[in-house]
Amino acid sequence: MSQRTLAIIKPDAVRRKLIGEIITAITQAGFHIVGLKLVHMTKEQAESFYDVHRGRFFFEELTRFMSSGPVVVMVLQKEQAVEDFRSLIGATDPTEAAAGTIRHRFGTSKGENAIHGSDSLESAEREIAFFFSSIELVDHAP
Ligand code: IDP
Ligand code: MG
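The working numbering runs 205 ahead of the 1-based position in the sequence shown.
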């Protein structure tokens, strides 16, 4: 079943000029980009995006970081996109992420881990709707 998931190239990776290399890794892994834009979130928008983490000890650091500079948000389509993209990005902590994963290659700490990927189909639907309207998404045959 073809699915859509939300990816975010985080501010650390954008600052380090890694947008091109990360998009290459994503498209070479078979994902089709069906939506893409550059966004600089306000602190409030980052808090709203990460609402499920409100109250966690890292919430303040996370939302400050995610609103610290522009990010690249993308909607990716592929068979089993949600699960396969989580595999491609690797574990949250880059030191624990498998070799070859995006976080292992480009992340520098548990917070500044280069990329976000939706953790379930339900999260993907919510996160895609958070950033994109239907006119900003192209059709891609499954
Ligand atoms: P995930 O991105 O792998 O799904 P989550 O546990 O959902 O990981 O956490 C969301 C984001 O919050 C992480 O990607 C990371 O940027 C940040 N984060 C999570 N745990 C920590 C921590 O212990 N210290 C600092 N930042 C963290
Ligand atoms: Mg998560």
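Glycine included, C-beta positions come from ideal geometry on N, C-alpha and C.
Values in this document were obtained by computation on a predicted structure and should not be read as measured data.
- The Cβ-Cβ distance between S207 and Q282 falls below 8 Å.
- Checking the 7 Å criterion, the Cβ of D324 is within range of a heavy atom belonging to ligand 2.
- In the assembly as shown, T210 is a buried residue. Its beta-carbon has 16 or more other beta-carbons within 10 Å.
- Take the alpha-carbon of V257 and the one of S328: they are about 10 Å apart.
- With 16 or more other Cβ atoms inside 10 Å of its own Cβ, A319 counts as buried.
- Boundaries of the alpha helix (DSSP H) around M271: 264-271.
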